[in-house]
Ligand code: OTU
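Numbering (this note's numbering), first residue to last: 1245 to 1883.
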């Protein structure tokens, strides 16, 4: 008998005694037993050297059991009935928005459900909506309570009702689990400031700056302009506190099992209130170790894996989404065992890279090399988010196709801030770091894709090109394997909004330029195919409808990135049994031709977008930024 078996015989009766319902007891204990050895190993690895390990372990399991018992019947029913591949379905289409900017408050979001359905959404990520400090709160990412909605937006009760209503309409609610830090106004931080040593142990505090300085030698600065350094001196405490992001965002100390336990409780609280996807914010930063860069450490992985096992026991309808905007080799390590889904920042940045350069070889190469992830997981493919664009492609991939990654980033930054002759983009520099020269980019999809400049010039051809660029990127995320995620506002071509410069709570952070208010006028034009908004919306809506009617687009069907022998086009295939679907897009401003014989074996293929039939042995010419979604039934040639 190994030690985890021994522990199971001790803990099992303790847990069993918590239940009054026999069926529920059996479900909980069965799920836990299946995962018990793995869970024990992970927690031993994290906390096994502590004298109180057994007690802490018991506490953690109690938290899971109590949350399971408190879970509403509808959520238990969802746990039981849910197809384990639900998030991989071709019908999945995501949207993300700020509650206040897009709809005023939670009531406004409810009123927009019909609109979300019109667009075809089945996944709605509401940006952080919990209590947070004012005026500055990092767009809600400084959380003062994981259990109270910001009063201007609504109440917890409304949020719970909204989750149910969304679910009834086929939409899963996605919320952030900002697990790396709390605001300095969270009650834990307040108790810590008042001198409570238990709560002080929730954070990482130092009596002087000796250790912080040593850590600092290996740490990145995430916001070098607004929030330089990773530590903040807190006068009330007369101590230095670890603050990776802003001075008011205190990093939690996961080396303390009490923090693990309490955060598990917060996660399960959200899951019990109807949240189906938890977006794990800033997950690379969870564990710190002197002499390392304190990102992506093995313990951070163990933490997420352990939490995921506990979620699978107590609330399995809920899945984790990784937000790890790091080197692509590191991102994939969070996918599968730890998180069912993950942002795909590499595809995102490489689409912008390809549009700027007009060349697709880096995109094709990196995707061919890196797109495949475990079959039980899915990418979340997106074009823009609420954050800046950082050029997180791999220098190795660049070198393999003859590009100098460092120089290429300088070009891209110059291109997207309009400093390159002929650039179509209107973007702002973000996070310039004088020591490293690093820089990232802010701006909306439409402004970065050329619409802002084209409208300003009143240049009809340029307007047309910019719309095609937007649609080309939308087409990629809708057809490649994974969940497409639309940054709402993009569906009607929302431009940069410079009004943040006059708002003291926002002016220091130019990410607000691409977090605009809902553009009511554009939304009202969405059915007018002669308007810019209507062209984008109408085409997007049609592409979504096509995606949803072909199961080949489901995330569990493989994606094969192919060599088109044309370095200005993107080409990949989707497969399901004998069916294949080839998506080819021209990412340049000039017509490009493709030789279908290179990858298609059947005599004819049909473009799902136009219903045009193409012969295999006739050359196909794609106008600037145009695309085809070629469907063929029968044996395929590429492997
Ligand atoms: C996230 O982003 C959020 O998306 C940001 O909006 C927050 O400001 C931040 O966390 C703090 O909560 O650095 O530039 O590897 O890159 O977590 C954005 C992950 C960020 C980090 C990411 C972070």
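For every residue, glycine included, the Cβ atom is placed at its ideal position computed from N, Cα and C.
Is the segment 1330-1347 close to the segment 1302-1315, with three or more CB pairs under 8 Å?
-> no
Would the beta-carbon of residue 1489 be found less than 6 Å away from any heavy atom of the ligand OTU?
-> yes
What residue from 1416, 1374, 1425 has the CA that sits closest to residue 1391's CA?
-> 1374
Indicate, with yes or no, if the ligand OTU has a heavy atom lying under 6 Å from the CB of residue 1568.
-> yes
Tell me the start and end of each unbroken alpha helix (DSSP H) in the segment 1666-1724 that is at least 4 residues and wholly inside, in chain order.
-> 1689-1692, 1695-1701, 1704-1723
Just to check, is the beta-carbon of residue 1466 closer than 6 Å to a non-hydrogen atom of the ligand OTU?
-> yes
Hey, out of 1425, 1351, 1445, whose CA is closest to residue 1401's CA?
-> 1351
For residue 1385, is the beta carbon positioned less than 6 Å from some heavy atom of the ligand OTU?
-> yes
First and last residue of the beta strand (DSSP E) that includes residue 1483?
-> 1483-1486
The beta strand (DSSP E) with residue 1565 in it runs from where to where?
-> 1563-1566
Residue 1216 versus residue 1335: straight-line alpha-carbon distance, rounded = The first residue shown for the chain is 1245 and the last is 1883, placing residue 1216 beyond what the model contains.
Residue 1307: first and last residue of the uninterrupted alpha helix (DSSP H) it sits in = 1297-1314
With DSSP run on the structure shown, which of helix, strand or coil describes residue 1648?
-> coil
Apart from the five residues just before and just after residue 1549, which ones in its own chain have a Cβ nearer than 7 Å to its Cβ?
-> 1286, 1581, 1582
When you compare only the Cα positions, how much space is there between residue 1600 and residue 1656?
-> 7 Å
Can you say whether residue 1493 is buried or exposed, counting buried as having 16 or more other CB atoms within 10 angstroms of its CB?
-> buried
May I ask you to list the residues that DSSP assigns as paired with residue 1475?
-> 1486
Nonlocal neighbours in the same chain, by C-beta distance under 6 Å from residue 1333, ignoring five residues either side | 1798
Go ahead and label residue 1457 buried or exposed: buried means 16 or more other beta carbons lie within 10 angstroms of its beta carbon, across all protein chains shown.
-> exposed
Contact set for residue 1872: own chain, Cβ-Cβ below 6 Å, skip 5 residues either direction = 1828, 1851
Buried versus exposed call for residue 1299 [16 or more other C-beta atoms within 10 Å across all chains shown] | exposed
Does the segment 1719-1739 come close enough to the segment 1647-1654 that 3 or more CB-CB pairs lie under 8 Å?
-> no
Verify the contact flag: residue 1528, CB atom, against every heavy atom of the ligand OTU, threshold strictly below 6 Å.
-> yes
What first and last residue would you give for the beta strand (DSSP E) that runs through residue 1634?
-> Where residue 1634 is concerned, there is no enclosing beta strand (DSSP E), given that its DSSP letter is neither H nor E.
May I ask you to check if the CB of residue 1495 is nearer than 6 Å to at least one heavy atom of the ligand OTU?
-> no
Close Cβ partners of residue 1466 (< 8 Å) along its chain, the five nearest in sequence each way excluded | 1488, 1489, 1675
Is there at least one non-hydrogen atom of the ligand OTU closer than 6 Å to the beta-carbon of residue 1382?
-> yes
Can we count residue 1573 as close to the ligand OTU, meaning its CB is less than 6 Å from some heavy atom?
-> no
Could you say which of 1817, 1692, 1347, 1666 lies nearest to residue 1842 if we only look at CA atoms?
-> 1817
Could you tell me the boundaries of the alpha helix (DSSP H) in which residue 1432 lies?
-> 1431-1437
Proximity below 7 Å, CB of residue 1424 to CB of residue 1499 = no
Taking 6 Å as the line, does the beta carbon of residue 1525 fall inside it for any heavy atom of the ligand OTU?
-> yes
Under 8 Å by Cβ, that's how I've got residue 1684 and residue 1633 pegged, so tell me the actual separation to the nearest angstrom.
-> 6 Å
Where does residue 1245 fall in DSSP's three states?
-> Unreliable placement is indicated for residue 1245, whose pLDDT of 44 sits below 50; no coordinate value is reported for it.
Check whether the Cβ atoms of residue 1547 and residue 1530 lie closer than 7 Å to each other.
-> yes
Who are the Cβ neighbours of residue 1645 in its own chain at under 8 Å, not counting the five residues just before and after it?
-> 1605, 1606, 1609
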